[in-house]
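Written out below as structure tokens is the structure these notes cover.
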Amino acid sequence: MAKDNDLMTVLHKYDTFINEKLKPNLKIVLDKRDKVFTTLSEYQKLQTNIESIQQNSLTELKTMVDLGSQFYAQAHISDTTYIYVNVGFEFHVQFTLEEALVFISKKESHLQGTVDQLSKEADSIRAHMKMAYEAIAEIMQTQKESSKSNVFS
575 MAKDNDLMTV LHKYDTFINE KLKPNLKIVL DKRDKVFTTL SEYQKLQTNI ESIQQNSLTE
635 LKTMVDLGSQ FYAQAHISDT TYIYVNVGFE FHVQFTLEEA LVFISKKESH LQGTVDQLSK
695 EADSIRAHMK MAYEAIAEIM QTQKESSKSN VFS
């Protein structure tokens with residue numbers, strides 16, 4: 575009987591570890607990765623827009639600007655020679671279109687490295703969860719087998 579209580583205590587500890595430690599950590603890592611994916615997507619859109627401006631040799635541009643919450647306003651850009659790019663921490667730097675493309679390329683490489691690192695971290699957490707679930711299954715199987723052997727004794 576004491577052995578059953580010990581097994582239940584161990585099962586409870588594994589369950590608590592999974593639900594209170596591993597699952598929240600996995601959610602945090604995946605949320606961070608999603609945020610980096612969003613940023614990466616924004617830089618890729620900017621790169622596409624810059625390339626479009628260059629290919630069409632646009633010197634001025636009329637566009638719609640998102641002011642937030644899907645609220646747009648019409649904007650007129652009278653000179654497309656320079657562009658302001660958010661380089662991080664809400665700092666905006668004035669670049670020529672060529673300089674912006676070079677920066678975006680480097681930033682995309684950095685962000686992709688961050689995505690890869692966060693993906694590895696998420697995979698590691700999933701592996702720990704799988705090991706914990708397998709340990710629980712093994713303990714339950716051992717308990718089941720020991721209860722069968724007690725019946726036949």
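My numbering puts the last residue of the sequence shown at 727; the count rises by one with no breaks. The beta-carbon is built from N, C-alpha and C at its ideal position, and this holds for glycine as well.
The beta carbon of A647 sits closer than 8 Å to those of M638, V639 and L641, all from its chain and outside the five residues before and after it, given in chain order. Beta-carbon to beta-carbon, E634 and I657 are separated by about 13 Å, too far to satisfy the 8 Å threshold. Under DSSP, M714 forms no beta bridge with any residue.
Judged by their CB atoms, L600 and M705 are not nearer to each other than the 9 Å cut-off. If you draw a 10 Å sphere on the C-beta of V676, you find fewer than 16 other C-beta atoms in it, and that means exposed.
Taking a contact to require three or more Cβ pairs closer than 8 Å, the segment 704-720 and the segment 607-624 do not qualify as touching. Looking at the backbone, the Cα of T655 and that of A696 are separated by about 42 Å. D640: member of the beta strand (DSSP E) spanning L635 to G642, first to last residue.
Runs of the beta strand (DSSP E) spanning 3 or more residues and lying entirely within the segment 602-690 occur at 635-642, 645-651, 656-662 and 665-670, in chain order.
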